[in-house]
């Protein structure tokens, strides 16, 4: 992590969603990253990035995880190694604050990926979570479930398709953040 020069509220936000081969970051792998990088003061999109990542240990995958993200060899032909994908991601997210719908799921996988590959990330040390924000702002208004699909529906935003793609999840997290921020 870097020593940030800009005040926190002026740093970009790296809205990130990942698809994985399971639920344990020490065993399972990231197979897709979606990023929507936004200007924090305006929440305008600066850039997007999406990448498929070649799994190294598909034999350890949980079948349900592969079903959710629609993994198939044909779509992942030409996928990058994790190190190359994280190098590109790190270059885009310098000083950015990491945000995911469920930071407790996505960040441990990213952190393990950086550790495993030796790629240095220079993001802000703070982690932001749409789920926590939604719960705090909407529970008194009747929000019962905090998964991304339910929060989107509660806010009148169309959820992502049943077969998840990381960029779709990141874009949905972006739309939820804008709505929660009153934009």
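In the numbering used here, the protein residues as written are 970 to 1152.
Note that the Cβ used here is the ideal one computed from N, Cα and C, for glycine as well.
Residue i, DSSP secondary structure in three states
i	result
residue 1150	coil
residue 1096	strand
residue 1118	helix
residue 970	Note that residue 970 scores a pLDDT of 47, beneath 50, so its modelled location is shaky; the value from the coordinates is reported in the next line. The answer is coil: DSSP assigns residue 970 none of H, G, I, E or B.
residue 1091	coil
residue 992	coil
residue 1019	strand
residue 1123	helix
Start and end residues, alpha helix (DSSP H) containing residue i
i	result
residue 1075	1072-1086
residue 1059	1051-1061
residue 1011	Counting along the chain, residue 1011 falls outside any alpha helix (DSSP H), and DSSP gives it neither H nor E.
residue 980	Counting along the chain, residue 980 falls outside any alpha helix (DSSP H), and DSSP gives it neither H nor E.
residue 1068	From DSSP, residue 1068 is part of no alpha helix (DSSP H) but of the beta strand (DSSP E) over 1066-1069.
residue 1130	Note, residue 1130: premise wrong, no alpha helix (DSSP H); not H, not E.
residue 1038	1032-1038
Segment limits, beta strand (DSSP E) that includes residue i
i	result
residue 1007	999-1007
Whether residue i touches residue j by CB criterion (8 angstroms)
i	j	result
residue 984	residue 1139	yes
residue 1107	residue 1123	yes
residue 1061	residue 1016	yes
residue 991	residue 1132	no
residue 1003	residue 1134	yes
residue 1006	residue 1066	no
residue 1114	residue 1091	no
residue 1099	residue 1070	yes
Top-ranked residue by Cα proximity to residue i, from the options
i	options	result
residue 1031	998, 1016 and 1136	998
residue 1087	1036, 1056, 1116 and 1073	1056
residue 1150	1116, 1012, 979 and 1019	1012
residue 996	986, 980 and 1026	1026
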